[in-house]
Amino acid sequence: MSRAGNMSRTAASRGVSFSSNPVLEVKLPIWRSRLVLFLLFGAFFALIARALWLQGMTTDFLQKQGANRYARTLELPATRGKITDRNGQVLASSVPVKAIWAIPDDVLEAPKEKIRQLAALLDVSEAELRKKLDSDRQFVYLKRQVEPQISDKIQALAIPGVETRKEYKRFYPEGEVMAHVVGFTNVEDVGQEGIELASEKNLAGKTGSRRVIKDRLGRIVEDIRAVREPHDGKELTLSLDSKIQYIAYTHLKDAVEKHKAKAGGAVVLDVHTGEVLALVNLPSYNPNDRSVLTGAQLRNRVITDTFEPGSTMKPFTVALAIETGRVTPDTVFQTAPGYMTIGPAVIHDAHKESVLTVAQIIQKSSNIGVAKMALQMPPKEMWELFTTLGFGQQPKIGFPGAVAGRLRNYKNWRPIEQATMSYGHGLSVSLLQMARAYMIFARNGDMIPITFQKTSEAPAGQRVISDKTAQQLRAMMESVTQPGGTATQARVPGYRVAGKTGTAHKIEGGRYVNKYVGDFIGFAPVSNPRVIVAVMIDEPSTGGHFGGIVAAPVFAAITANVLRSMNVPPDSSVTSIIPDNSVQESM
496 MSRAGNMSRT
506 AASRGVSFSS
516 NPVLEVKLPI
526 WRSRLVLFLL
536 FGAFFALIAR
546 ALWLQGMTTD
556 FLQKQGANRY
566 ARTLELPATR
576 GKITDRNGQV
586 LASSVPVKAI
596 WAIPDDVLEA
606 PKEKIRQLAA
616 LLDVSEAELR
626 KKLDSDRQFV
636 YLKRQVEPQI
646 SDKIQALAIP
656 GVETRKEYKR
666 FYPEGEVMAH
676 VVGFTNVEDV
686 GQEGIELASE
696 KNLAGKTGSR
706 RVIKDRLGRI
716 VEDIRAVREP
726 HDGKELTLSL
736 DSKIQYIAYT
746 HLKDAVEKHK
756 AKAGGAVVLD
766 VHTGEVLALV
776 NLPSYNPNDR
786 SVLTGAQLRN
796 RVITDTFEPG
806 STMKPFTVAL
816 AIETGRVTPD
826 TVFQTAPGYM
836 TIGPAVIHDA
846 HKESVLTVAQ
856 IIQKSSNIGV
866 AKMALQMPPK
876 EMWELFTTLG
886 FGQQPKIGFP
896 GAVAGRLRNY
906 KNWRPIEQAT
916 MSYGHGLSVS
926 LLQMARAYMI
936 FARNGDMIPI
946 TFQKTSEAPA
956 GQRVISDKTA
966 QQLRAMMESV
976 TQPGGTATQA
986 RVPGYRVAGK
996 TGTAHKIEGG
1006 RYVNKYVGDF
1016 IGFAPVSNPR
1026 VIVAVMIDEP
1036 STGGHFGGIV
1046 AAPVFAAITA
1056 NVLRSMNVPP
1066 DSSVTSIIPD
1076 NSVQESM
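All residue numbers for the sequence shown refer to my numbering, where the first residue is 496 and numbers rise by one.
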């Protein structure tokens, strides 16, 4: 047996500890081991307390955080309400389409050939598609409002991370003919122009929602519940008649092209109800394809553009003079020698006349005769009449962009300004304002509000002039379209028509320039007026510029077709018209 073994046995027999060996002796204080043990127990108690807190006190919070990882609230789009004309013809409707979206990281892992096919179906270059996918975002739209047949082909590619979402696209069957009234929506199906914008709240409806569980790739794996059901928008019936709208648009377009004009506008009002039966503008645009849309095409000139109305204002001045007892239709005025000096200014007639009755002043459109009548009246009386007619005030038609025009307060009028305003210079109006103002002649002295929505009952009217004065002015305005008047081209076979021509210089940079606006506003049939038609031709460059030449024929063409389409009985035995261009209105 070895010596070491003997020593071990000897030590054991003496009761000596093995750890008493100096080499193996523990030199750390005993309190440190106890501290470590205490800390370990403390950590365990803290973990237990934290577990109890999370599972007992903050359960709702943790469940919410977890749900955010896999649960989603999907929006359920509501179908936008249809817009129809007064006869039920659809003017705007929503068709189902798809939005194509993607999770960029997943799509970029797809085979190059499928990426190339996807780009072709989306009608974009592969480089453009990859640029969209080169994003840190977890969600990107690749294309909105994709036709169903295209979205089906995209889904057939089965590219990971490419998904579709249901949405709607607005379709406008009447295209450019109805564009300025109906308007259009944007890619989010929100109204941007016209009735689409004005009636957004009613048309849009309310979207719904539902809770679903999705996997990492965005696929729905479980439908939890519906949170809110969608409510579709309300259908809107307009006062417009598609047939009358097309008639007005076609004849206005022919005139603008014939005279190579910058623009044009026309509006047709129902005398009995105040409904707008047609409202057209040129240039126009196709709301189904707005890729090349310009500001000039967007302008609803009938409502948003103002111009000096020229001689179409004269009937109002004459009506006021008759209504206040200052003149009668037979009162005589001297208009020779064809010009008149007011202070330092001189006003002219287009044609030199001599002695004219009030009726003849309207028929021949004499500036001097109307100015002399106006200067007999206090400026306040004229201003009050013009204000009552709606000039200088924004029309309350619920249509975006309607302008007030310009009518200065009578306290600032000088005599020359009062004279020129009496025949339509020095103030500005919209064509819609002028058309509505002519109701006092077509409705025997009263006015009613105008509306773009179909109505079955006529609103209460506001008396402006007496029935007798309205009848007298109606006779004078009918003579305007007869031989010797300024608008013989406004006559309509089979119907008696009345109206007034207007021609005015345009203002640019605060000065009159050698550009014109020609207009004609009238109504028919005179025996029982049914419609008011107003036409404006902006900057005609060929074939003349007077309203009796460029606008009156458009009035005649529109009125003839409208009266026939409405089955209005003829009130004249005249069946053929021989044009007479011998008289032109003063500007």
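For each residue, glycine too, the CB sits at the ideal point set by N, CA and C.
Inset, instruction - State buried or exposed for R1025, treating a residue as buried only when at least 16 other CB atoms are found within 10 Å of its CB. - result: buried
Inset, instruction - Could you check how far apart the C-beta atoms of V1063 and P1020 are, in whole angstroms? I think they sit under 8 angstroms. - result: 7 angstroms
Inset, instruction - Please report how far the alpha carbon of K738 lies from the alpha carbon of A653, in whole angstroms. - result: 48 angstroms
Legend entry - Cα-Cα separation between E662 and V1057, rounded to whole angstroms: 39 angstroms
Inset, instruction - Provide the residue span of the beta strand (DSSP E) that contains L764, from first to last. - result: 758-765
Legend entry - Sufficient close CB pairs (3 or more, under 8 angstroms) joining the region 825-840 to the region 924-933: no
Inset, instruction - On a CA-only basis, which of V676, P668, G670, A614 is nearest V657? Give me that one, please. - result: A614
Legend entry - Three-pair Cβ contact test at 8 angstroms for the region 930-950 versus the region 820-832: no
Legend entry - Local Cβ density within 10 Å of L534, reported as buried at 16 or more and exposed below that: exposed
Inset, instruction - Note the first and the last residue of the continuous beta strand (DSSP E) segment covering E658. - result: 657-666
Inset, instruction - For M1061, name the three-state secondary structure that DSSP assigns. - result: coil
Inset, instruction - Would you kindly work out how many angstroms separate the C-alpha atoms of L777 and H754, rounded to a whole number? - result: 13 angstroms
Inset, instruction - May I ask you to list the residues that DSSP assigns as paired with F1018? - result: A993, I1027
Legend entry - Residues bridged to W596 (per DSSP): Y636, E658
Inset, instruction - Give the C-beta separation of S990 and K1001 to the nearest angstrom, bearing in mind that I take them to be a contact with Cβ-Cβ under 8 angstroms. - result: Here the sequence assigns Tyr to residue 990, which means Ser is not the residue at that position. Not confirmed; about 33 angstroms, so no contact.
Legend entry - Extent of the continuous beta strand (DSSP E) run through Q829: 827-829
Inset, instruction - For S779, I'd like the list of residues in its chain whose CB is within less than 7 angstroms of its CB, leaving aside the five on either flank, ordered along the chain. - result: E671, A674, H675, Q792
Inset, instruction - Determine the burial state of K995: buried for a count of at least 16 other Cβ atoms within 10 Å of its Cβ, exposed for fewer. - result: buried
Inset, instruction - Using the Cα positions of M916 and A937, report the straight-line distance between them to the nearest angstrom. - result: 23 angstroms
Inset, instruction - Would you check if the distance between the CB atom of V590 and the CB atom of F679 is smaller than 7 angstroms? - result: no
Inset, instruction - Would you kindly check if the distance between the Cβ of A914 and the Cβ of A869 is under 7 angstroms? - result: yes
Legend entry - beta-carbon P988 near the ligand PLP non-hydrogen atom, thresh 6 angstroms: As presented, the structure is devoid of all ligands, the ligand PLP included, so that no description of it is given.
Inset, instruction - Please name the residue in S961, P1048, N1023 whose C-alpha comes closest to that of T981. - result: P1048
Inset, instruction - Have a look at V992 and H843 and give me their C-alpha separation to the nearest angstrom. - result: 28 angstroms
Inset, instruction - Taking only the alpha-carbon atoms, compute the straight-line gap between R639 and N681 and give it to the nearest angstrom. - result: 11 angstroms
Inset, instruction - Name, in chain order, the residues that DSSP records as bridge partners for H1000. - result: Y1011
Inset, instruction - In the DSSP assignment, find the unbroken beta strand (DSSP E) run with V1045 in it and report its ends. - result: That residue, V1045, is in no beta strand (DSSP E); its alpha helix (DSSP H) goes 1042-1045.
Legend entry - Cross-strand partners of E770 (DSSP beta bridge): T946
Inset, instruction - Using the DSSP secondary-structure output, state which residues sit across from A541 in a beta bridge. - result: Answer by DSSP bridge pairing: none, since A541 is not bridged.
Legend entry - Short Cβ contact (7 angstroms threshold) for Q740 with A773: yes
Legend entry - For V1069, three-class secondary structure by DSSP: coil
Inset, instruction - Please report how far the alpha carbon of V766 lies from the alpha carbon of M942, in whole angstroms. - result: 9 angstroms
Legend entry - Inter-residue spacing [alpha-carbon to alpha-carbon] between A955 and M934: 13 angstroms
Legend entry - Chain-order list of residues whose beta-carbon lies under 7 angstroms from that of M496 (same chain, five-residue window excluded): Reliability of the predicted coordinates at M496 is poor, the pLDDT of 47 falling under 50, and the value obtained from them is presented with this limitation in mind. Excluding residues within five positions, none has a Cβ falling inside 7 angstroms.
Inset, instruction - Taking only the alpha-carbon atoms, compute the straight-line gap between L851 and A897 and give it to the nearest angstrom. - result: 39 angstroms
Inset, instruction - Check whether the region 641-655 touches the region 685-692, counting contact only when three or more Cβ pairs, one atom from each stretch, lie closer than 8 angstroms. - result: no
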